[in-house]
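Student: Taking my numbering, the leading residue of the sequence shown gets -16, the next gets one more, and so forth. In this text, a Cβ means the ideal position worked out from N, Cα and C, and glycines have one as well. Just passing along the structure, written as structure tokens.
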Amino acid sequence: MSGFTLLELLIVLVIIGLLAGFVGPQLLSRLESSKITTTEAQVRMLKTALDTLRLDIGRYPTTQEGLAMLTEPPVDPTLRARWRGPYLESALPNDAWGRPYTYAYSGTGNPPFALYSTGDTSDNSRPIKGIGINPPG
-16 MSGFTLLELL
-6 IVLVIIGLLA
4 GFVGPQLLSR
14 LESSKITTTE
24 AQVRMLKTAL
34 DTLRLDIGRY
44 PTTQEGLAML
54 TEPPVDPTLR
64 ARWRGPYLES
74 ALPNDAWGRP
84 YTYAYSGTGN
94 PPFALYSTGD
104 TSDNSRPIKG
114 IGINPPG
């Protein structure tokens, strides 16, 4: 009878386990890095859209108006007349982790708003490091 012995099967399983132990963390690290890069690119795209909106209506959206003003005209008739949107080709994107971006207008600074993602907050033991423009902390 030909076949594999239990010892040979165990050796193969150990080798597969070792390979997975070395390769797995590297793949996860690259996945996290690509999510950060994607989020940074989306923040730049949203900032460009906000700058274009400001050129059209004369100001950035308030915190209450938020990023929705990039896709929907403002309620104020004066601003609505100057609004030339939508300023995005599709709906507002979420960050690479599926969460909405945070936008807060301060009126001071350059730019006078914060626009950021909190990144991956699934691991509560890690501090949140914002990705974007003027993140907290």
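(1) In whole angstroms, what separates the C-alpha of Val(-3) from that of Leu14?
(2) If contacts are defined as beta-carbon pairs under 8 angstroms, then Val26 and Gly81 qualify, I think. What distance do you get, rounded to the angstrom?
(3) Which same chain residues end up closer than 8 angstroms to Leu36 when comparing Cβ atoms and leaving out the 5 residues on each side of it in sequence?
(4) Is DSSP giving Gly0 helix, strand or coil here?
(5) At 4 residues or longer, and completely inside the segment 57 to 108: list those alpha helix (DSSP H) runs for me, N to C.
(6) How should Ile(-6) be labelled, buried or exposed, when 16 other C-beta atoms within 10 angstroms of its C-beta is the threshold for buried?
(7) Out of curiosity, what's the CA-to-CA distance linking Glu55 and Gln9?
(8) By a C-beta neighbour count over all protein chains shown, 10 Å radius and 16 as the cutoff for buried, is Thr22 buried or exposed?
(9) Any beta-carbon of chain C closer than 8 angstroms to the one on Pro118?
(10) Need the endpoints of the beta strand (DSSP E) that Gly115 sits in, please.
Tutor: In brief:
(1) Taking the straight line joining both Cα atoms gives about 26 angstroms.
(2) Contact doesn't hold; Cβ gap of about 16 angstroms is too wide.
(3) Only Tyr43, Pro44, Met52, Leu53, Trp66, Gly68 and Tyr70 meet the Cβ criterion.
(4) In this structure, Gly0 counts as helix in the three-state DSSP scheme.
(5) 60 to 65
(6) exposed
(7) 42 angstroms
(8) buried
(9) Among the chains in the structure shown there is no chain C, since it carries only a single protein chain.
(10) Ile114 to Ile116
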